[in-house]
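Since the structure comes first, as C-alpha coordinates, the remarks are kept for the end.
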Amino acid sequence: MSKIKVNFIYNIALTLSTYIIHLIVFPYVSRVLGVELIGRIGFVDNVVTYFSLFSTLGIVVVGVREIAACGDDFKKRSEVFSGLLVLLIYATIFVIVLFLLAITIIPKFIENRTLLLIGMSQLFMSSLLLEWLYQGIENFRYITIRNIAVKLIYAALVIVFIQDREDYILYYILTISVVVINAIINLRQSRNYVKFVYKPGSWKVFLKPMISLGVYRVLVSMYTTFNVIYLGFVCSETEVGYYYTSIKLFTIFIGVISAFTTVIMPRMSSLLAEEKMDLFKINIKYSLDIIFAVAIPLIIYCISLAPEIIRILSGPGFEGAITPMRIVTINVLFVAMAQIWVIQILMPMKKDSVVLWGSIIGAIVGLTANILLVGRFGAIGSALVLILAEIAGDAYCFYYVIKVKIVEFPAKRMGLNLLFAIPFYPLCTISRQMVPNVFLSLVMTAVFFTFYFFILHKYILKEGYIHNYLESFFRKS
26 MSKIKVNFIY
36 NIALTLSTYI
46 IHLIVFPYVS
56 RVLGVELIGR
66 IGFVDNVVTY
76 FSLFSTLGIV
86 VVGVREIAAC
96 GDDFKKRSEV
106 FSGLLVLLIY
116 ATIFVIVLFL
126 LAITIIPKFI
136 ENRTLLLIGM
146 SQLFMSSLLL
156 EWLYQGIENF
166 RYITIRNIAV
176 KLIYAALVIV
186 FIQDREDYIL
196 YYILTISVVV
206 INAIINLRQS
216 RNYVKFVYKP
226 GSWKVFLKPM
236 ISLGVYRVLV
246 SMYTTFNVIY
256 LGFVCSETEV
266 GYYYTSIKLF
276 TIFIGVISAF
286 TTVIMPRMSS
296 LLAEEKMDLF
306 KINIKYSLDI
316 IFAVAIPLII
326 YCISLAPEII
336 RILSGPGFEG
346 AITPMRIVTI
356 NVLFVAMAQI
366 WVIQILMPMK
376 KDSVVLWGSI
386 IGAIVGLTAN
396 ILLVGRFGAI
406 GSALVLILAE
416 IAGDAYCFYY
426 VIKVKIVEFP
436 AKRMGLNLLF
446 AIPFYPLCTI
456 SRQMVPNVFL
466 SLVMTAVFFT
476 FYFFILHKYI
486 LKEGYIHNYL
496 ESFFRKS
(Lines of atoms letter the chains of each structure in order from A and count residues from 1; the text may use other names and numbers.)
(Lines give C-alpha, C1' and ligand atoms only; values in the text may rest on other atoms or scores of the structure.)
Protein backbone atom coordinates (compact mmCIF):
# COMPACT_ATOMS: atom_id res chain seq x y z
CA MET A 1 0.00 0.00 0.00
CA SER A 2 1.39 3.45 -0.94
CA LYS A 3 2.49 5.82 1.79
CA ILE A 4 -0.16 8.38 0.91
CA LYS A 5 -2.92 5.75 1.32
CA VAL A 6 -1.49 4.63 4.67
CA ASN A 7 -1.30 8.23 5.87
CA PHE A 8 -4.83 8.87 4.68
CA ILE A 9 -6.10 5.83 6.58
CA TYR A 10 -4.36 7.06 9.74
CA ASN A 11 -5.75 10.56 9.30
CA ILE A 12 -9.25 9.27 8.61
CA ALA A 13 -8.99 7.02 11.68
CA LEU A 14 -7.96 10.04 13.76
CA THR A 15 -10.69 12.26 12.37
CA LEU A 16 -13.47 9.69 12.70
CA SER A 17 -12.41 8.65 16.21
CA THR A 18 -12.21 12.30 17.27
CA TYR A 19 -15.70 13.06 16.08
CA ILE A 20 -17.15 9.80 17.33
CA ILE A 21 -15.83 10.79 20.75
CA HIS A 22 -17.41 14.24 20.31
CA LEU A 23 -20.68 12.63 19.26
CA ILE A 24 -20.60 10.67 22.51
CA VAL A 25 -19.52 13.57 24.72
CA PHE A 26 -21.57 16.43 23.24
CA PRO A 27 -25.04 14.82 23.51
CA TYR A 28 -24.25 13.97 27.13
CA VAL A 29 -22.88 17.41 28.00
CA SER A 30 -25.61 19.34 26.15
CA ARG A 31 -28.27 17.51 28.17
CA VAL A 32 -26.44 18.19 31.45
CA LEU A 33 -25.52 21.85 30.86
CA GLY A 34 -28.37 23.06 28.62
CA VAL A 35 -28.33 25.39 25.63
CA GLU A 36 -27.37 28.58 27.53
CA LEU A 37 -24.19 27.19 29.14
CA ILE A 38 -23.27 25.40 25.90
CA GLY A 39 -23.58 28.82 24.26
CA ARG A 40 -21.38 30.46 26.90
CA ILE A 41 -18.64 27.85 26.52
CA GLY A 42 -18.96 28.08 22.73
CA PHE A 43 -18.51 31.85 22.90
CA VAL A 44 -15.40 31.59 25.11
CA ASP A 45 -13.96 28.77 23.02
CA ASN A 46 -14.27 30.85 19.86
CA VAL A 47 -12.69 33.91 21.52
CA VAL A 48 -9.66 31.83 22.54
CA THR A 49 -9.51 30.24 19.08
CA TYR A 50 -9.66 33.68 17.47
CA PHE A 51 -6.69 34.95 19.48
CA SER A 52 -4.85 31.68 18.73
CA LEU A 53 -5.07 32.50 15.04
CA PHE A 54 -2.89 35.55 15.64
CA SER A 55 -0.34 33.64 17.73
CA THR A 56 0.03 30.67 15.36
CA LEU A 57 -0.24 32.74 12.17
CA GLY A 58 0.21 30.58 9.05
CA ILE A 59 2.16 27.80 10.77
CA VAL A 60 -0.35 25.13 9.74
CA VAL A 61 0.67 25.54 6.10
CA VAL A 62 4.14 27.09 6.25
CA GLY A 63 5.36 24.62 8.87
CA VAL A 64 4.20 21.55 6.94
CA ARG A 65 5.51 22.94 3.66
CA GLU A 66 8.96 23.90 4.97
CA ILE A 67 9.51 20.75 7.05
CA ALA A 68 8.42 18.54 4.14
CA ALA A 69 10.88 20.35 1.86
CA CYS A 70 13.77 19.36 4.18
CA GLY A 71 13.32 15.67 3.41
CA ASP A 72 15.60 13.50 5.54
CA ASP A 73 18.17 16.25 6.19
CA PHE A 74 18.20 16.36 10.03
CA LYS A 75 20.38 19.47 10.26
CA LYS A 76 18.29 21.49 7.81
CA ARG A 77 15.05 20.29 9.43
CA SER A 78 16.33 21.36 12.86
CA GLU A 79 17.25 24.82 11.58
CA VAL A 80 13.84 25.29 9.97
CA PHE A 81 12.05 23.97 13.06
CA SER A 82 14.01 26.27 15.38
CA GLY A 83 13.33 29.37 13.31
CA LEU A 84 9.62 28.61 13.12
CA LEU A 85 9.36 27.85 16.85
CA VAL A 86 11.10 31.10 17.85
CA LEU A 87 8.74 33.07 15.62
CA LEU A 88 5.75 31.31 17.19
CA ILE A 89 6.95 32.08 20.72
CA TYR A 90 7.44 35.78 19.91
CA ALA A 91 3.96 35.98 18.37
CA THR A 92 2.36 34.13 21.29
CA ILE A 93 3.86 36.44 23.93
CA PHE A 94 2.57 39.47 22.02
CA VAL A 95 -0.93 37.99 21.61
CA ILE A 96 -1.19 36.97 25.29
CA VAL A 97 -0.52 40.59 26.30
CA LEU A 98 -3.36 41.71 24.01
CA PHE A 99 -5.58 38.93 25.35
CA LEU A 100 -5.05 40.01 28.98
CA LEU A 101 -5.76 43.60 28.01
CA ALA A 102 -8.98 42.61 26.23
CA ILE A 103 -10.44 40.69 29.18
CA THR A 104 -9.94 43.71 31.44
CA ILE A 105 -11.64 46.35 29.26
CA ILE A 106 -14.32 44.61 27.13
CA PRO A 107 -17.55 44.15 29.17
CA LYS A 108 -18.61 40.90 27.48
CA PHE A 109 -15.14 39.44 28.16
CA ILE A 110 -15.24 40.65 31.77
CA GLU A 111 -18.49 38.68 32.26
CA ASN A 112 -16.64 35.52 31.19
CA ARG A 113 -13.24 36.38 32.68
CA THR A 114 -12.86 33.14 34.66
CA LEU A 115 -13.38 30.94 31.61
CA LEU A 116 -11.18 33.18 29.44
CA LEU A 117 -8.31 33.06 31.94
CA ILE A 118 -8.57 29.27 31.94
CA GLY A 119 -8.59 29.34 28.15
CA MET A 120 -5.33 31.31 28.14
CA SER A 121 -3.44 28.06 28.82
CA GLN A 122 -4.80 26.72 25.53
CA LEU A 123 -3.78 29.96 23.83
CA PHE A 124 -0.19 29.53 25.06
CA MET A 125 0.12 25.80 24.40
CA SER A 126 -1.38 26.03 20.89
CA SER A 127 1.89 27.54 19.70
CA LEU A 128 3.78 24.55 21.13
CA LEU A 129 1.47 21.87 19.72
CA LEU A 130 3.92 21.19 16.85
CA GLU A 131 1.47 19.16 14.76
CA TRP A 132 3.03 20.82 11.69
CA LEU A 133 6.34 19.09 12.47
CA TYR A 134 4.81 15.61 12.50
CA GLN A 135 2.65 16.33 9.45
CA GLY A 136 5.70 17.63 7.59
CA ILE A 137 7.64 14.40 8.21
CA GLU A 138 4.42 12.46 7.46
CA ASN A 139 4.37 10.68 10.82
CA PHE A 140 0.61 10.32 10.85
CA ARG A 141 0.74 7.07 12.80
CA TYR A 142 2.14 8.87 15.85
CA ILE A 143 -0.33 11.76 15.47
CA THR A 144 -3.25 9.34 15.32
CA ILE A 145 -2.32 7.10 18.26
CA ARG A 146 -1.47 10.02 20.55
CA ASN A 147 -4.60 12.00 19.78
CA ILE A 148 -6.96 9.05 20.13
CA ALA A 149 -5.44 8.05 23.49
CA VAL A 150 -5.71 11.57 24.93
CA LYS A 151 -9.28 12.06 23.71
CA LEU A 152 -10.46 8.71 25.05
CA ILE A 153 -9.18 9.74 28.49
CA TYR A 154 -10.91 13.12 28.04
CA ALA A 155 -14.25 11.46 27.18
CA ALA A 156 -14.07 9.17 30.19
CA LEU A 157 -13.29 12.07 32.55
CA VAL A 158 -16.16 14.16 31.18
CA ILE A 159 -18.71 11.37 31.66
CA VAL A 160 -17.44 10.62 35.18
CA PHE A 161 -17.09 14.17 36.54
CA ILE A 162 -19.62 16.34 34.67
CA GLN A 163 -22.88 15.65 36.51
CA ASP A 164 -24.81 18.96 36.71
CA ARG A 165 -24.88 22.57 35.46
CA GLU A 166 -22.42 23.73 38.12
CA ASP A 167 -19.70 21.61 36.49
CA TYR A 168 -19.45 23.78 33.36
CA ILE A 169 -16.10 25.28 34.42
CA LEU A 170 -14.65 21.82 35.03
CA TYR A 171 -15.96 20.76 31.61
CA TYR A 172 -14.10 23.64 29.96
CA ILE A 173 -10.91 22.79 31.89
CA LEU A 174 -11.11 19.20 30.67
CA THR A 175 -11.75 20.38 27.11
CA ILE A 176 -8.70 22.64 26.86
CA SER A 177 -6.57 20.01 28.62
CA VAL A 178 -6.66 18.01 25.38
CA VAL A 179 -4.56 20.70 23.68
CA VAL A 180 -2.27 21.18 26.69
CA ILE A 181 -1.48 17.48 27.14
CA ASN A 182 -0.96 16.91 23.41
CA ALA A 183 1.46 19.85 23.31
CA ILE A 184 3.49 18.52 26.25
CA ILE A 185 3.77 15.06 24.66
CA ASN A 186 4.70 16.55 21.28
CA LEU A 187 7.43 18.73 22.77
CA ARG A 188 8.98 15.73 24.44
CA GLN A 189 8.80 13.54 21.33
CA SER A 190 10.15 16.24 19.02
CA ARG A 191 13.69 15.54 20.27
CA ASN A 192 13.63 12.36 18.17
CA TYR A 193 13.25 14.35 14.95
CA VAL A 194 14.83 17.77 15.50
CA LYS A 195 17.30 19.58 17.70
CA PHE A 196 16.51 23.11 18.79
CA VAL A 197 19.30 25.42 17.64
CA TYR A 198 18.82 29.10 18.37
CA LYS A 199 20.26 31.44 15.77
CA PRO A 200 19.44 35.14 16.13
CA GLY A 201 17.33 36.29 13.22
CA SER A 202 16.75 32.78 11.84
CA TRP A 203 13.00 33.33 12.17
CA LYS A 204 12.93 36.36 9.86
CA VAL A 205 12.96 34.31 6.65
CA PHE A 206 9.61 32.78 7.65
CA LEU A 207 7.98 36.04 8.72
CA LYS A 208 6.53 37.06 5.35
CA PRO A 209 4.86 33.73 4.42
CA MET A 210 3.70 33.28 8.03
CA ILE A 211 2.06 36.70 8.03
CA SER A 212 0.62 36.25 4.53
CA LEU A 213 -1.00 32.91 5.33
CA GLY A 214 -1.74 34.04 8.89
CA VAL A 215 -3.72 36.95 7.49
CA TYR A 216 -5.53 34.43 5.29
CA ARG A 217 -6.55 32.39 8.35
CA VAL A 218 -7.62 35.51 10.26
CA LEU A 219 -9.68 36.74 7.33
CA VAL A 220 -11.34 33.34 6.89
CA SER A 221 -12.12 33.42 10.61
CA MET A 222 -14.23 36.54 10.00
CA TYR A 223 -16.97 34.20 8.84
CA THR A 224 -16.09 31.05 10.80
CA THR A 225 -14.88 32.05 14.28
CA PHE A 226 -15.61 35.77 14.50
CA ASN A 227 -19.26 35.30 13.55
CA VAL A 228 -19.78 33.21 16.70
CA ILE A 229 -18.16 35.96 18.80
CA TYR A 230 -20.26 38.61 17.06
CA LEU A 231 -23.39 36.51 17.62
CA GLY A 232 -22.53 36.44 21.33
CA PHE A 233 -22.25 40.22 21.43
CA VAL A 234 -25.49 41.09 19.60
CA CYS A 235 -27.70 38.16 20.64
CA SER A 236 -28.19 35.88 23.62
CA GLU A 237 -26.04 32.94 24.70
CA THR A 238 -29.00 30.76 23.74
CA GLU A 239 -28.61 31.81 20.09
CA VAL A 240 -24.89 31.02 20.35
CA GLY A 241 -25.86 27.60 21.71
CA TYR A 242 -28.15 26.98 18.73
CA TYR A 243 -25.46 27.93 16.22
CA TYR A 244 -22.68 26.11 18.10
CA THR A 245 -24.83 22.96 18.00
CA SER A 246 -25.82 23.38 14.35
CA ILE A 247 -22.22 23.28 13.13
CA LYS A 248 -21.23 20.10 15.00
CA LEU A 249 -22.02 17.72 12.14
CA PHE A 250 -20.68 20.21 9.59
CA THR A 251 -17.40 20.24 11.51
CA ILE A 252 -17.24 16.45 11.34
CA PHE A 253 -17.69 16.39 7.57
CA ILE A 254 -15.09 19.10 7.04
CA GLY A 255 -12.75 17.27 9.40
CA VAL A 256 -12.95 14.14 7.24
CA ILE A 257 -12.25 16.18 4.10
CA SER A 258 -9.37 17.97 5.84
CA ALA A 259 -7.92 14.58 6.78
CA PHE A 260 -7.51 13.92 3.07
CA THR A 261 -6.14 17.36 2.13
CA THR A 262 -3.73 17.40 5.10
CA VAL A 263 -2.21 14.12 3.96
CA ILE A 264 -2.03 15.01 0.29
CA MET A 265 -0.59 18.55 0.56
CA PRO A 266 3.04 17.46 1.23
CA ARG A 267 2.75 15.02 -1.68
CA MET A 268 1.33 17.71 -4.01
CA SER A 269 4.25 20.00 -3.05
CA SER A 270 6.67 17.19 -3.90
CA LEU A 271 5.01 16.58 -7.30
CA LEU A 272 5.40 20.25 -8.17
CA ALA A 273 9.03 20.27 -7.03
CA GLU A 274 9.64 17.23 -9.27
CA GLU A 275 7.74 18.93 -12.15
CA LYS A 276 5.25 16.05 -12.45
CA MET A 277 2.33 18.22 -13.56
CA ASP A 278 0.41 15.40 -15.24
CA LEU A 279 0.26 13.39 -12.02
CA PHE A 280 -0.54 16.60 -10.11
CA LYS A 281 -3.59 17.23 -12.33
CA ILE A 282 -4.75 13.61 -12.09
CA ASN A 283 -4.74 13.86 -8.28
CA ILE A 284 -6.84 17.04 -8.48
CA LYS A 285 -9.33 15.31 -10.79
CA TYR A 286 -9.63 12.36 -8.40
CA SER A 287 -10.10 14.71 -5.44
CA LEU A 288 -12.96 16.55 -7.15
CA ASP A 289 -14.61 13.27 -8.09
CA ILE A 290 -14.53 12.08 -4.47
CA ILE A 291 -15.90 15.41 -3.21
CA PHE A 292 -18.86 15.42 -5.60
CA ALA A 293 -19.66 11.76 -4.96
CA VAL A 294 -19.67 12.07 -1.17
CA ALA A 295 -20.58 15.67 -0.29
CA ILE A 296 -23.73 16.07 -2.40
CA PRO A 297 -25.61 13.00 -1.03
CA LEU A 298 -24.49 13.87 2.52
CA ILE A 299 -25.96 17.35 2.18
CA ILE A 300 -29.33 15.96 1.07
CA TYR A 301 -29.28 13.38 3.88
CA CYS A 302 -28.63 16.03 6.55
CA ILE A 303 -31.14 18.55 5.22
CA SER A 304 -33.97 16.01 5.13
CA LEU A 305 -33.18 14.49 8.54
CA ALA A 306 -32.04 17.63 10.39
CA PRO A 307 -34.77 17.49 13.11
CA GLU A 308 -33.88 13.89 14.00
CA ILE A 309 -30.14 14.61 13.98
CA ILE A 310 -30.50 17.61 16.31
CA ARG A 311 -32.82 15.65 18.62
CA ILE A 312 -30.26 12.86 19.01
CA LEU A 313 -27.28 15.20 19.13
CA SER A 314 -28.59 17.60 21.77
CA GLY A 315 -31.95 16.53 23.16
CA PRO A 316 -34.94 18.82 23.86
CA GLY A 317 -34.50 22.59 23.93
CA PHE A 318 -32.25 22.80 20.86
CA GLU A 319 -34.96 23.00 18.17
CA GLY A 320 -33.61 26.43 17.20
CA ALA A 321 -30.54 24.67 15.76
CA ILE A 322 -32.48 22.80 13.03
CA THR A 323 -32.73 25.55 10.40
CA PRO A 324 -29.13 26.80 10.93
CA MET A 325 -27.93 23.22 10.51
CA ARG A 326 -29.75 22.85 7.19
CA ILE A 327 -28.15 26.05 5.91
CA VAL A 328 -24.66 25.24 7.20
CA THR A 329 -24.72 21.72 5.74
CA ILE A 330 -24.97 23.13 2.20
CA ASN A 331 -21.59 24.75 2.83
CA VAL A 332 -19.91 21.32 2.98
CA LEU A 333 -19.67 21.27 -0.82
CA PHE A 334 -18.19 24.78 -1.06
CA VAL A 335 -15.66 24.24 1.73
CA ALA A 336 -14.63 20.92 0.21
CA MET A 337 -13.99 22.52 -3.18
CA ALA A 338 -12.17 25.41 -1.51
CA GLN A 339 -9.81 22.95 0.17
CA ILE A 340 -8.92 21.60 -3.27
CA TRP A 341 -8.37 25.05 -4.83
CA VAL A 342 -6.44 26.40 -1.85
CA ILE A 343 -4.71 23.53 -0.04
CA GLN A 344 -4.10 21.11 -2.92
CA ILE A 345 -3.38 23.63 -5.70
CA LEU A 346 -2.61 27.21 -4.69
CA MET A 347 -0.62 26.63 -1.51
CA PRO A 348 1.67 23.93 -2.94
CA MET A 349 2.22 26.28 -5.92
CA LYS A 350 3.03 29.05 -3.41
CA LYS A 351 0.33 31.32 -4.85
CA ASP A 352 -0.15 32.86 -1.43
CA SER A 353 -1.26 36.22 -2.84
CA VAL A 354 -4.20 34.59 -4.64
CA VAL A 355 -5.22 32.82 -1.44
CA LEU A 356 -4.93 36.11 0.43
CA TRP A 357 -7.16 37.99 -2.02
CA GLY A 358 -9.75 35.23 -1.88
CA SER A 359 -9.83 35.48 1.90
CA ILE A 360 -10.09 39.28 1.75
CA ILE A 361 -13.16 39.01 -0.46
CA GLY A 362 -14.67 36.38 1.85
CA ALA A 363 -13.93 38.51 4.91
CA ILE A 364 -15.55 41.62 3.42
CA VAL A 365 -18.68 39.67 2.51
CA GLY A 366 -18.63 37.95 5.93
CA LEU A 367 -18.27 41.19 7.89
CA THR A 368 -21.00 42.90 5.87
CA ALA A 369 -23.33 39.92 6.22
CA ASN A 370 -22.66 39.75 9.98
CA ILE A 371 -23.75 43.37 10.39
CA LEU A 372 -26.83 42.98 8.18
CA LEU A 373 -28.07 39.53 9.20
CA VAL A 374 -26.92 38.36 12.62
CA GLY A 375 -28.62 40.97 14.80
CA ARG A 376 -31.91 40.35 13.00
CA PHE A 377 -31.87 36.58 12.47
CA GLY A 378 -29.57 35.29 15.24
CA ALA A 379 -28.22 31.78 14.69
CA ILE A 380 -29.87 31.57 11.26
CA GLY A 381 -28.10 34.80 10.30
CA SER A 382 -24.73 33.36 11.37
CA ALA A 383 -25.37 30.28 9.22
CA LEU A 384 -26.14 32.51 6.22
CA VAL A 385 -22.95 34.51 6.88
CA LEU A 386 -20.91 31.31 6.76
CA ILE A 387 -22.22 30.17 3.39
CA LEU A 388 -22.29 33.59 1.66
CA ALA A 389 -18.72 34.45 2.65
CA GLU A 390 -17.42 30.99 1.72
CA ILE A 391 -18.96 31.20 -1.75
CA ALA A 392 -17.53 34.68 -2.34
CA GLY A 393 -13.98 33.73 -1.32
CA ASP A 394 -14.08 30.40 -3.15
CA ALA A 395 -15.28 32.04 -6.36
CA TYR A 396 -12.13 34.16 -6.62
CA CYS A 397 -9.75 31.22 -6.04
CA PHE A 398 -11.78 29.08 -8.46
CA TYR A 399 -11.61 31.82 -11.11
CA TYR A 400 -7.81 31.93 -10.84
CA VAL A 401 -7.41 28.15 -11.02
CA ILE A 402 -9.59 27.96 -14.15
CA LYS A 403 -8.04 31.09 -15.70
CA VAL A 404 -4.49 29.72 -15.61
CA LYS A 405 -5.78 26.32 -16.81
CA ILE A 406 -4.43 24.30 -13.89
CA VAL A 407 -7.51 22.09 -14.01
CA GLU A 408 -10.71 21.78 -16.00
CA PHE A 409 -13.79 21.93 -13.80
CA PRO A 410 -15.83 18.71 -14.26
CA ALA A 411 -19.24 20.41 -14.42
CA LYS A 412 -20.84 17.38 -16.07
CA ARG A 413 -19.60 15.10 -13.29
CA MET A 414 -20.94 17.44 -10.62
CA GLY A 415 -24.29 17.68 -12.41
CA LEU A 416 -24.65 13.91 -12.66
CA ASN A 417 -23.92 13.44 -8.96
CA LEU A 418 -26.49 16.11 -8.10
CA LEU A 419 -29.10 14.62 -10.45
CA PHE A 420 -28.78 11.11 -9.02
CA ALA A 421 -28.70 12.39 -5.43
CA ILE A 422 -32.00 14.30 -5.67
CA PRO A 423 -34.21 11.15 -5.38
CA PHE A 424 -32.64 10.52 -2.02
CA TYR A 425 -34.55 13.45 -0.45
CA PRO A 426 -38.08 11.98 -0.83
CA LEU A 427 -36.74 8.57 0.20
CA CYS A 428 -35.39 10.08 3.44
CA THR A 429 -38.72 11.80 4.03
CA ILE A 430 -40.64 8.54 3.52
CA SER A 431 -38.29 6.73 5.89
CA ARG A 432 -38.94 9.38 8.56
CA GLN A 433 -42.68 8.85 8.32
CA MET A 434 -42.51 5.05 8.25
CA VAL A 435 -40.20 4.64 11.26
CA PRO A 436 -41.36 6.63 14.32
CA ASN A 437 -38.22 5.87 16.35
CA VAL A 438 -35.73 8.68 15.70
CA PHE A 439 -32.56 6.61 16.07
CA LEU A 440 -33.84 3.69 13.98
CA SER A 441 -34.98 6.10 11.28
CA LEU A 442 -31.48 7.58 11.01
CA VAL A 443 -29.83 4.15 10.98
CA MET A 444 -32.21 2.70 8.39
CA THR A 445 -31.80 5.71 6.13
CA ALA A 446 -28.01 5.58 6.50
CA VAL A 447 -28.00 1.90 5.49
CA PHE A 448 -30.13 2.67 2.45
CA PHE A 449 -27.89 5.65 1.68
CA THR A 450 -24.81 3.38 1.65
CA PHE A 451 -26.52 0.80 -0.57
CA TYR A 452 -27.72 3.48 -3.00
CA PHE A 453 -24.23 5.03 -3.08
CA PHE A 454 -22.69 1.63 -3.92
CA ILE A 455 -25.17 0.86 -6.73
CA LEU A 456 -24.78 4.35 -8.18
CA HIS A 457 -21.00 4.30 -8.42
CA LYS A 458 -20.60 0.62 -9.23
CA TYR A 459 -23.14 0.34 -12.05
CA ILE A 460 -24.31 3.81 -13.18
CA LEU A 461 -21.55 6.45 -12.85
CA LYS A 462 -18.75 4.34 -14.31
CA GLU A 463 -16.09 6.95 -15.10
CA GLY A 464 -15.12 8.20 -11.67
CA TYR A 465 -12.39 7.41 -9.18
CA ILE A 466 -14.81 5.68 -6.79
CA HIS A 467 -16.04 3.35 -9.56
CA ASN A 468 -12.45 2.44 -10.41
CA TYR A 469 -11.68 1.82 -6.75
CA LEU A 470 -14.73 -0.43 -6.32
CA GLU A 471 -13.82 -2.38 -9.45
CA SER A 472 -10.26 -2.85 -8.20
CA PHE A 473 -11.48 -3.88 -4.74
CA PHE A 474 -13.84 -6.56 -6.05
CA ARG A 475 -11.24 -7.91 -8.47
CA LYS A 476 -8.83 -8.43 -5.57
CA SER A 477 -11.47 -10.11 -3.42
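Take the sequence shown: its position 420, counted from the start at 1, is 445 in my numbering, and no numbers get skipped.
Glycine is no exception: its CB is placed at the ideal position from the N, C-alpha and C atoms.
In whole angstroms, what separates the C-alpha of residue i from that of residue j?
i	j	result
Thr354	Leu338	15 Å
Tyr267	Leu142	25 Å
Ala94	Phe76	29 Å
Arg457	Gly88	47 Å
Gly391	Tyr255	11 Å
Ile194	Asn137	11 Å
Glu163	Gln214	15 Å
Trp228	Lys100	16 Å
Tyr35	Glu191	38 Å
Ile178	Ile187	14 Å
Ala361	Ile282	7 Å
Asn462	Gly59	23 Å
Thr169	Ala38	7 Å
Ser378	Val426	13 Å
Leu41	Phe423	29 Å
Thr250	Leu304	36 Å
Trp157	Lys376	20 Å
Arg171	Phe106	21 Å
Please identify the residue among the options whose C-alpha is closest to the C-alpha of residue i.
i	options	result
Thr348	Ala417, Ile272, His47, Leu358	Ile272
Pro52	Val185, Tyr248, Ile194, Arg336	Arg336
Phe258	Ser407, Ile34, Asn211, Ile412	Ser407
Thr393	Pro451, Ala361, Leu244	Leu244
Val410	Ile352, Ile201, Ile431	Ile352
Phe231	Ile368, Ile118, Glu91, Val222	Glu91
Ile66	Val85, Leu48, Ile210, Glu262	Glu262
Ile206	Ser146, Met235, Ser107	Ser146
Ile173	Thr43, Val72, Val240	Thr43
Val86	Gly403, Gly161, Thr470	Gly161
Kindly list the residues whose CB is nearer than 8 Å to the CB of residue i, restricted to its own chain and excluding five residues on each side of it in sequence; keep chain order.
i	result
Arg56	Ser339, Gly340
Tyr167	Tyr159, Gln214
Tyr548	With the chain covering 26 to 502 only, the question about residue 548 has no answer from this structure.
Val175	Val203, Ile206, Asn207, Ile210
Gly144	Val69, Asp70, Val72, Val73, Tyr197, Ile201
Leu467	Leu330, Glu333, Ile334, Ile337
Ile328	Arg351, Thr354, Ile355, Tyr450
Which residues in the same chain as residue i place their Cβ atom closer than 7 Å to its Cβ, once the five residues preceding and following it in sequence are excluded?
i	result
Tyr421	Trp382, Gly383, Ile386
Leu443	Ile321
Ala417	Ile386, Gly387, Val390
Ala180	Ile46, Ile49, Val50
Leu481	Phe445
Lys233	none
Lys306	Val432
Leu323	Phe278, Val357
Thr117	Ser80, Phe149, Ser152
Taking 8 Å as the cut-off, decide whether the C-beta atoms of residue i and residue j are in contact.
i	j	result
Phe165	Asn32	yes
Met247	Val204	no
Val222	Ser312	no
Phe478	Ile325	no
Val183	Leu199	yes
Val124	Val265	Note on identity: in this sequence residue 124 is Phe, with Val being the wrong assignment. It is not a contact, given that the beta carbons lie outside the stated cut-off.
Ile128	Phe134	yes
Leu486	Leu441	yes
Cys260	Gly403	yes
Thr270	Ile412	no
Ala363	Glu299	no
Lys80	Leu140	Checking the sequence, you will find Ser at residue 80 rather than Lys. Not a contact, by the Cβ cut-off of 8 Å.
Near residue i, which residues of its chain fall below 6 Å by C-beta distance, leaving aside the five closest residues on each side in sequence?
i	result
Ala208	Met150, Leu153, Leu154
Gly83	Met235, Leu238, Gly239
Trp366	Cys422, Phe423, Val426
Asn252	Asn395, Ser407, Val410
Val380	Tyr241, Val367, Leu371
Gly400	Val259
My output table needs one value for residue i: the three-state DSSP class, helix, strand or coil.
i	result
Thr249	coil
Cys422	helix
Lys437	helix
Leu153	coil
Ser227	coil
Ser313	With the sequence shown as reference, residue 313 is identified as Leu, and Ser is not the correct amino acid for it. If DSSP states are grouped into helix, strand and coil, Leu313 belongs with the helices.
Leu78	helix
Leu338	helix
Asn164	coil
Gln458	helix
Lys273	helix
Phe473	helix
Leu381	helix
Pro448	coil
Ile114	helix
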